[in-house]
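Sequential numbering from 2 applies to the sequence shown in my numbering. The beta carbon of each residue, even a glycine, is placed where N, CA and C say it ideally should be.
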Amino acid sequence: MKSSVFRWNRHSIVHKLLVTFLLVVLPLYIIGISITFYSSNQMRAEVERANESKLRFYYSHLEFELQRITRLVAEYSIDDTLASFSARLPIMNQYEVDNNLNNIFTKLKQIRETSPYIADVVYFLPVINKRVSVQDGVRDVTQEDWQSLSDTMGNLGGPVSVYQNELYVLRRSPFNLDNQVPPNFLLGIKLSTPELELRLKEYAVTGGSNITLEFGSNNEYVLSTSRPAPKLSPNPERPSEEKTVSVQRYSQDDSFHYSLYDHNNHFRLTASIPNSVLLKPIRVFTSLLWLLTLLSLITIVLFSVWSFRAIHRPISILIRGFEKAEQGQTGLHITHSRKDEFGYLYARFNDMLRRLHTLIEENYVQRIRTGEAELKHLQSQITPHFLYNSLFSIKQMAEVENVELIKEFSDYLGQYFRYMTRDFAQEVTLKQELDHALVYLAIQRIRFGPRIQAEVDEMDQDCSSIIVPRVLLQPILENVFEHGLQQKASGGLLRMKYEKTNDMLTIHIEDNGDVLTEEDLYRLQQQLSQQEITRGEITGLLNVNQRLRIKFGPSYGLQVERSALGGLCVKVNIPRKGGADDAANDDR
Numbered sequence: 002m003k004s005s006v007f008r009w010n011r012h013s014i015v016h017k018l019l020v021t022f023l024l025v026v027l028p029l030y031i032i033g034i035s036i037t038f039y040s041s042n043q044m045r046a047e048v049e050r051a052n053e054s055k056l057r058f059y060y061s062h063l064e065f066e067l068q069r070i071t072r073l074v075a076e077y078s079i080d081d082t083l084a085s086f087s088a089r090l091p092i093m094n095q096y097e098v099d100n101n102l103n104n105i106f107t108k109l110k111q112i113r114e115t116s117p118y119i120a121d122v123v124y125f126l127p128v129i130n131k132r133v134s135v136q137d138g139v140r141d142v143t144q145e146d147w148q149s150l151s152d153t154m155g156n157l158g159g160p161v162s163v164y165q166n167e168l169y170v171l172r173r174s175p176f177n178l179d180n181q182v183p184p185n186f187l188l189g190i191k192l193s194t195p196e197l198e199l200r201l202k203e204y205a206v207t208g209g210s211n212i213t214l215e216f217g218s219n220n221e222y223v224l225s226t227s228r229p230a231p232k233l234s235p236n237p238e239r240p241s242e243e244k245t246v247s248v249q250r251y252s253q254d255d256s257f258h259y260s261l262y263d264h265n266n267h268f269r270l271t272a273s274i275p276n277s278v279l280l281k282p283i284r285v286f287t288s289l290l291w292l293l294t295l296l297s298l299i300t301i302v303l304f305s306v307w308s309f310r311a312i313h314r315p316i317s318i319l320i321r322g323f324e325k326a327e328q329g330q331t332g333l334h335i336t337h338s339r340k341d342e343f344g345y346l347y348a349r350f351n352d353m354l355r356r357l358h359t360l361i362e363e364n365y366v367q368r369i370r371t372g373e374a375e376l377k378h379l380q381s382q383i384t385p386h387f388l389y390n391s392l393f394s395i396k397q398m399a400e401v402e403n404v405e406l407i408k409e410f411s412d413y414l415g416q417y418f419r420y421m422t423r424d425f426a427q428e429v430t431l432k433q434e435l436d437h438a439l440v441y442l443a444i445q446r447i448r449f450g451p452r453i454q455a456e457v458d459e460m461d462q463d464c465s466s467i468i469v470p471r472v473l474l475q476p477i478l479e480n481v482f483e484h485g486l487q488q489k490a491s492g493g494l495l496r497m498k499y500e501k502t503n504d505m506l507t508i509h510i511e512d513n514g515d516v517l518t519e520e521d522l523y524r525l526q527q528q529l530s531q532q533e534i535t536r537g538e539i540t541g542l543l544n545v546n547q548r549l550r551i552k553f554g555p556s557y558g559l560q561v562e563r564s565a566l567g568g569l570c571v572k573v574n575i576p577r578k579g580g581a582d583d584a585a586n587d588d589r
C-alpha cells in the first residue's frame with residue numbers, strides 16, 4: 002500500500018522531476034513555435050518585399066524608357082529636317098526630295114539606336130504618300146495606311162497605341178483633334194515586343210514569379226511570361242490624391258499578385274507568385290515546427306522512461322526493501338549491478354540489514370543461546386548419575402576400610418562440588434578451569450582404577466590467565482569416560498596437550514576408545530559446525546561449543562576428528578587474549 006502511495010503521490014521526487022522537466026520544456030517549445038511563426042511571417046514578408054522591390058525596379062525602368070521614347074517623338078516632331086520637309090516639297094526638285102528622304106532615314110536610324118526597346122521608327126508624308134522606315138526604307142503608301150495608323154493614336158489611353166498587334170508611340174504634326182484632316186507628317190516609334198518579353202522573363206526568373214505587362218485602361222494589350230496569361234483583377238480607380246501609381250495586392254487562382262498601375266501612361270505591371278513559392282518558407286518552418294514537436298514528444302517520452310528506470314524503479318525497490326525490513330525480514334539482500342548513487346544506497350542498505358541482522362543475532366538470538374546454554378550448564382552442574390557413582394565408590398572403599406583413599410576421594414569430590422556450585426563466577430581463568438578438570442580426572446581415575454591412564458602436558462604460564470567460560474573442560478573429559486573409555490577393560494588412555502599459534506590456543510583432548518564409528522563422528526562434526534541454535538537436547542560437547550562461540554565468536558569453539566590413538570580427538574580453540582582479575586580467583 003505504501004509503495005502504491007509512493008507511485009501516485011504528487012509529492013514524490015519523480016513527480017516533481019517530471020513537472021519540472023515539463024515546466025522547462027514547454028516554455029522552450031512555446032518559444033520555438035513563436036520563433037517559427039515569426040520567422041515564417043518574416044520570410045514571407047521578405048519574399049513579398051523582394052518581389053515588390055524587383056517589380057518597382059522594373060516599373061521604374063520601363064517608365065523611364067517610355068518617357069524617354071515619348072520625349073524623342075516630341076523632340077523629333079519639331080526637328081527642322083522632318084518638320085520643314087513637307088512644307089518645302091512644292092519647290093523641291095526630285096534630287097532634293099531624295100536627298101531629304103535620305104537625311105530623314107539617317108535621323109530615324111539614330112532614333113532607333115537610342116533604346117533597345119525601339120524596334121522601328123516610321124515617318125509618313127501624306128502629301129506625297131511616302132513612308133520612311135528604318136526596317137523597310139522609303140516606299141510608297143496609300144492614304145489608308147497612314148490613316149489607319151493615325152486613327153489608333155491614343156487608343157490605349159496613354160502615349161502608347163496598338164496597331165496590328167504592335168505597340169507604337171505616335172505624333173502628328175501639326176497636332177489636330179480632327180483625324181480626318183491630313184497632317185504634314187506622322188512620326189511613330191514601334192516598340193520591340195520581343196525585347197519587352199525578354200526583360201519580363203529575366204525578372205520572372207530572378208523573382209520566381211510570372212510577370213505580366215498590360216497596356217490600356219481595360220488591359221487591351223497583354224504581354225506575359227506565362228502561357229496562357231493569368232486573369233487579373235480590373236485596373237484600380239485613380240486615387241483622390243495626386244498619385245500616379247496604384248499598388249494592388251491580392252490572392253487569386255492559387256497565386257499572390259502584386260500590381261503597379263501607372264495612371265498617366267495607362268500600363269500595369271503585375272508579378273504573380275505561386276503560393277507554392279510564396280509559402281515555401283512557411284512550409285519549411287512548418288516542417289521544422291512538426292519536427293520540433295516530434296522531437297519534443299520523443300524527448301518527453303525518453304525522459305519519462307529514463308526517469309522511471311533510473312529514479313522511480315530504484316526508489317521503489319529501495320522503499321519495498323524498507324517495508325520488508327519494517328516487517329522484520331532482516332535477511333533481505335538487494336541484488337544489483339549499479340555504479341551510481343543508487344548502487345551506493347543499495348550497498349549501504351544491504352550493509353545496514355546485514356549489521357542489523359548481526360546485532361539481532363548477537364543481542365537477541367545469542368541471548369537465547371546463552372539462556373539455553375546456561376540452563377544446560379545449570380542442569381549439568383549437579384549430575385545425579387555422577388553423584389550416585391561417587392557415593393557408590395565411597396561405599397565400596399568403606400567396605401574395604403581404605404580410609405586413606407576415602408579421605409583423598411572425598412577431598413577431590415568436595416573440591417569438585419564447590420567449583421560446580423559457585424554460580425557467581427561465570428568466567429574463570431584457564432588455569433582455574435584446568436585445575437577443576439584435573440580434579441574431575443583424579444576422581445575418575447580413582448573410580449576406574451588402573452584401567453585408565455592419563456597423560457596431561459604442562460600448560461605454559463602465558464596461557465594460564467586466559468579468561469574462559471566456567472566448566473569448559475570437564476564436560477569434554479566426562480564425554481571421554483562415558484563414550485570412549487568406560488567400556489575399556491584395560492589399557493584406557495586419555496591424553497591432553499596444547500598447541501599455540503599467534504592468536505589461538507588449541508587444547509587437544511583425545512582417547513583410545515574403540516566404540517566411535519565413522520557415522521557417529523560425521524554426525525558430531527555436522528552438529529558442531531551448525532551456526533544456528535541447536536534444538537532439542539543439547540549434549541555436553543554442543544553446550545561447550547555454543548558457549549565458546551557466544552563468548553569468542555564463530556571462529557572459535559570445538560572441532561572433532563579421529564584421534565591418532567584410535568578414538569575421538571576434541572580440539573578446544575580459544576583466543577590467546579585477556580588476563581584474569583582477582584575476583585576470578587578461587588573462593589577459598
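Can you look up residue i in the DSSP assignment and give me helix, strand or coil?
i      : result
Asp254 : coil
Leu135 : Sequence check: residue 135 is Val here, not Leu. Of the three classes helix, strand and coil, the one that applies to Val135 here is coil, per DSSP.
Leu473 : coil
Lys572 : strand
Ile312 : helix
Lys17  : helix
Ser485 : The residue you asked about is not Ser; residue 485 is Gly in the sequence shown. Gly485: helix per DSSP, three-state reduction.
Val223 : strand
Gln454 : strand
Met93  : coil
Gln334 : The sequence as given places His at residue 334; Gln does not occur at that position. Looking at His334 - three-state DSSP - the assignment turns out to be coil, as it is neither helix nor strand.
Gln462 : helix
Thr271 : strand
Could you tell me how far apart the beta carbons of residue i and residue j are, in whole angstroms, since I believe they sit closer than 8 Å?
i      : j      : result
Gly485 : Leu517 : 7 Å
Tyr413 : Ile444 : 5 Å
Pro231 : Ser256 : 7 Å
Ser305 : Leu19  : 6 Å
Ile447 : Leu406 : 7 Å
Phe106 : Gly138 : 7 Å
Tyr77  : Ile112 : 6 Å
Leu56  : Leu199 : At roughly 17 Å, the Cβ-Cβ gap does not stay under 8 Å, so Leu56 and Leu199 are not in contact.
Arg339 : Tyr347 : 7 Å
Give me the residue from the options with the minimum Cα distance to residue i.
i      : options                           : result
Asp99  : Ile129, Asp80, Ile112 and Ser78   : Ile129
Asn276 : Asp521, Asn265, Tyr262 and Tyr251 : Tyr251
Asn101 : Lys110, Pro117, Glu203 and Leu83  : Leu83
Arg577 : Leu157, Asp461, Lys110 and Phe22  : Asp461
Lys202 : Val182, Pro183 and Arg228         : Arg228
Gln433 : Ile467, Pro183, Gln527 and Asn351 : Ile467
Met398 : Gly450, Arg349 and Arg471         : Gly450
Ser174 : Leu261, Ser116 and Asp80          : Asp80
Trp147 : Gln526, Asn185, Val135 and Phe323 : Asn185
Arg284 : Gly554, Ser556, Met44 and Phe553  : Met44
Leu23  : Ile301, His358 and Lys501         : Ile301
Gly493 : Gly567, Gly155, Lys552 and Ile320 : Gly567
Tyr30  : Thr271, Gln330, Leu293 and Asn236 : Leu293
Tyr420 : Leu473, Ala272 and Ala326         : Leu473
Lys108 : Glu500, Val135, Tyr96 and Ser116  : Val135
Leu354 : Gln330, Tyr345, Thr336 and Gly344 : Gln330
Would residue i be called buried (16 or more neighbouring beta carbons within 10 Å of its own) or exposed?
i      : result
Ile299 : exposed
Phe393 : exposed
Trp307 : exposed
Glu511 : buried
Glu400 : exposed
Gly514 : buried
Asn42  : exposed
Ala46  : exposed
Asn103 : exposed
Leu376 : With a pLDDT of only 48 at Leu376, under 50, the local geometry of the prediction cannot be trusted, and the value read off the model is given with reservation. The residue is exposed, with fewer than 16 neighbouring Cβ atoms inside 10 Å.
Lys489 : buried
Lys17  : exposed
Glu538 : Any answer about Glu538 is weak, because its pLDDT of 43 lies below 50 and its placement is not dependable; what the coordinates show is given next. Its Cβ having fewer than 16 others within 10 Å, Glu538 is exposed.
Answer with yes or no whether the minimum CB distance from residue i to chain B is below 7 Å.
i      : result
Glu405 : In the displayed structure, chain B is absent; only one protein chain is listed.
Quiz item: With contact counted as at least three CB pairs below 8 Å, one residue from each stretch, are the region 470-481 and the region 433-453 in contact?
Solution: Touching, yes, given that three or more Cβ pairs across the two stretches are closer than 8 Å.
Quiz prompt | Inter-stretch contact at 8 Å, needing at least 3 Cβ pairs: the region 90-98 / the region 184-193 | solution = Under the 8 Å Cβ criterion, the region 90-98 does not count as touching the region 184-193, having fewer than three qualifying pairs.
Quiz item: Is the number of C-beta pairs between the region 289-303 and the region 29-45 that are closer than 8 Å three or more?
Solution: Touching, yes, given that three or more Cβ pairs across the two stretches are closer than 8 Å.
Quiz item: Using 8 Å as the Cβ pair cut-off and three pairs as the minimum, do the region 50-69 and the region 262-272 touch?
Solution: Under the Cβ criterion (8 Å, minimum of three pairs), the region 50-69 counts as touching the region 262-272.
Quiz item: For the 8 Å Cβ check, are there 3 or more pairs between the region 156-170 and the region 217-225?
Solution: The region 156-170 is in contact with the region 217-225.
Practice problem: May I ask you to verify whether the region 120-135 touches the region 222-230, counting CB pairs closer than 8 Å and requiring at least 3? | Solution: Not touching, per the Cβ criterion.
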